[in-house]
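So the sequence shown is numbered by my numbering: it starts at 478 and just counts up by one. All C-beta atoms, glycine included, are put in the ideal place defined by N, C-alpha and C. Note that the structure is predicted; figures quoted are calculated from it, not measured. Following: one structure in structure tokens, then a few remarks.
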Amino acid sequence: MSYTIEKHTAASSSGAIADSLMRNGGVIIQELVTREVIDKVRMQTLAALSEAELSSDSELWPKGNRTTSSLPAHSPLFVEALALNNKVLEVMDIVLKPASPFALSADGSTQDAIENLGLIKSEVIEDDARQLVFESADDSTPSCSYYRLGIGAMLEVGEGMKSPQPLHRETAIYQPFVSRMQVPEFLVSTMWAGTDFTKGNGATRVVPGSHEWPEERIARPEQVQQAEMPTGSVVLWLSRTLHGAAPYRTGKPRAGFFASYVANWLNTEENQYVAVPPEAAARLSERGRQLVGYRCSRSIGWVKGRDQNDLLKPGKSGAI
Ligand SMILES: O=C(O)CCC(=O)C(=O)O
Ligand SMILES: [Fe+2]
Numbered sequence: 478m479s480y481t482i483e484k485h486t487a488a489s490s491s492g493a494i495a496d497s498l499m500r501n502g503g504v505i506i507q508e509l510v511t512r513e514v515i516d517k518v519r520m521q522t523l524a525a526l527s528e529a530e531l532s533s534d535s536e537l538w539p540k541g542n543r544t545t546s547s548l549p550a551h552s553p554l555f556v557e558a559l560a561l562n563n564k565v566l567e568v569m570d571i572v573l574k575p576a577s578p579f580a581l582s583a584d585g586s587t588q589d590a591i592e593n594l595g596l597i598k599s600e601v602i603e604d605d606a607r608q609l610v611f612e613s614a615d616d617s618t619p620s621c622s623y624y625r626l627g628i629g630a631m632l633e634v635g636e637g638m639k640s641p642q643p644l645h646r647e648t649a650i651y652q653p654f655v656s657r658m659q660v661p662e663f664l665v666s667t668m669w670a671g672t673d674f675t676k677g678n679g680a681t682r683v684v685p686g687s688h689e690w691p692e693e694r695i696a697r698p699e700q701v702q703q704a705e706m707p708t709g710s711v712v713l714w715l716s717r718t719l720h721g722a723a724p725y726r727t728g729k730p731r732a733g734f735f736a737s738y739v740a741n742w743l744n745t746e747e748n749q750y751v752a753v754p755p756e757a758a759a760r761l762s763e764r765g766r767q768l769v770g771y772r773c774s775r776s777i778g779w780v781k782g783r784d785q786n787d788l789l790k791p792g793k794s795g796a797i
């Protein structure tokens, strides 16, 4: 079977896009938002930060590139217009299988509050003493209660990206622990093109099909593709897909807006409650806050006396 990063548009169904993502390990949706929208996200981000704050100096992001995380705190529009893009959420709903879908339905309504997963049956030990027992999971079992933002970042490839970033998988942030777990897909990454992504300016390198490889298998150069795409497009990839930024050779620096979506039962790569403290979260829509993580399931992330769908509001959440 041959693998490739297929290019779709908003006209493709979310099912077709999700199928392509799950089959190939990555997929592009071309020009999903306008240049104006993405320019505004870029302007908000750059206006909120000094050059010193944007400077990078790490193994993956050497000096001479520009990066920032905590993006929802710097650019509310990043959340509202990019991370909450309904087409992307429809794909996430299919791939990450939350108990209640997060994408808006056709009539624009949202789904009900957090579900009862309904998987507990209880067995009697004796008299009124009981033991909770979970049904075993199958393909119809949700993969998470909901998904939330793992990190929101602007990643600008410039002169400092002299060689390709090491190819890596997003599972790297949870290694070596997840390699021993049999779990359904728990993380999907998205990279929005804030400028055109070209071969020469650092368009993300992706190895289609590598999500199915054993850890030890090494990519051959001809298996690496680049997510070349015009401004306003987005490339999605799975947690086991090898990828990395490409070196800068020519043209305008490559600005990418990165958002990962992660199952609620995993810790997030960037601590969203420090990155987006309550005062910054209050500037987002309620759905934006939910995506950032200001919500909870019945068992994880609750705060007694707060609303489970908006932890900034009083309400009834928590098992105590
Ligand atoms: O910027 C890119 O194209 C990919 C970046 C990436 O994968 C990372 O920094 O972990
Ligand atoms: Fe990465």
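message: Under DSSP, the alpha helix (DSSP H) around residue 496 begins and ends at which residues?
response: Membership of residue 496 in the alpha helix (DSSP H) is indicated by the continuous run 491-501.
task: Compare the C-alpha of residue 628 against each of 614, 622, 546 and 706 and name the closest.
output: Checking every option, the nearest Cα to that of residue 628 belongs to 546.
message: My parser needs the beta strand (DSSP E) runs of 3 or more residues fully inside the stretch 702-742; what are they?
response: For the stretch 702-742, whole beta strand (DSSP E) runs of length 3 or above, ordered along the chain, are 711-715 and 731-740.
Under 7 Å between C-beta atoms of residue 542 and residue 635: A contact, by the Cβ cut-off of 7 Å.
message: Are there any heavy atoms of ligand 1 lying less than 6 Å away from the beta-carbon of residue 681, as far as the coordinates show?
response: Checking the Cβ of residue 681 against ligand 1 gives yes.
- request: Identify whether residue 569 lies in helix, strand or coil by the three-state DSSP scheme.
  value: Residue state, collapsed to three classes: helix.
- prompt: Should residue 741 and residue 625 be called a contact, given that it needs their Cβ atoms to be closer than 7 Å?
  reply: For residue 741 and residue 625, yes; Cβs fall inside 7 Å.
Under the three-state DSSP convention, the category residue 624 falls into: Residue 624: strand per DSSP, three-state reduction.
Cut-off 7 Å between Cβ atoms - residues of its own chain near residue 696, not counting five sequence neighbours on either side: Apart from the 5 residues on each side of it in sequence, residue 696 sits with its Cβ closer than 7 Å to the Cβ of 644, 684, 687 and 719 in its chain, given in chain order.
field: C-beta atoms of residue 709 and residue 508 nearer than 7 Å
entry: Result yes, Cβ atoms of residue 709 and residue 508 sit closer than 7 Å.
query: Hey, how far is the Cα of residue 531 from the Cα of residue 721?
result: Near 20 Å, if we compare the C-alpha coordinates of residue 721 and residue 531.
message: I'd like the span of the alpha helix (DSSP H) that includes residue 539, first residue to last.
response: Element bounds for residue 539: n/a, residue is neither H nor E.
field: Where the alpha helix (DSSP H) through residue 755 begins and ends
entry: Its alpha helix (DSSP H) spans residues 755-758.
- prompt: Would you say residue 572 and residue 665 are within 7 Å of each other, going by their C-beta atoms?
  reply: Cβ atoms of residue 572 and residue 665: closer than 7 Å.
- prompt: Which residue or residues does DSSP assign as beta-bridge partners of residue 674?
  reply: 706.
- prompt: Less than 6 Å between the CB of residue 644 and some heavy atom of ligand 1, yes or no?
  reply: Not so, every heavy atom of ligand 1 lies at least 6 Å from the Cβ.
task: Inspect the beta-carbon positions of residue 555 and residue 518 and report whether they are closer than 7 Å.
output: At a Cβ-Cβ threshold of 7 Å, residue 555 and residue 518 count as neighbours.
message: What does DSSP give as the partner residue(s) for residue 795 in the beta ladder?
response: Paired residue(s): none; residue 795 is not in a bridge.
field: Boundaries of the alpha helix (DSSP H) in which residue 768 is found, first to last residue
entry: For residue 768, the enclosing alpha helix (DSSP H) stretches over residues 763-769.
- request: Could you spell out the range, first to last residue, of the alpha helix (DSSP H) harbouring residue 551?
  value: For residue 551, the enclosing alpha helix (DSSP H) covers residues 548-551.
- request: Leaving aside the five residues before and after residue 621 along the sequence, list all residues of the same chain whose C-beta is less than 8 Å from its C-beta, in chain order.
  value: These residues qualify, in order along the chain: 573, 574, 575, 576, 663, 740, 741 and 742.
- prompt: When you compare only the Cα positions, how much space is there between residue 564 and residue 498?
  reply: For residue 564 and residue 498, the distance between alpha carbons rounds to 13 Å.
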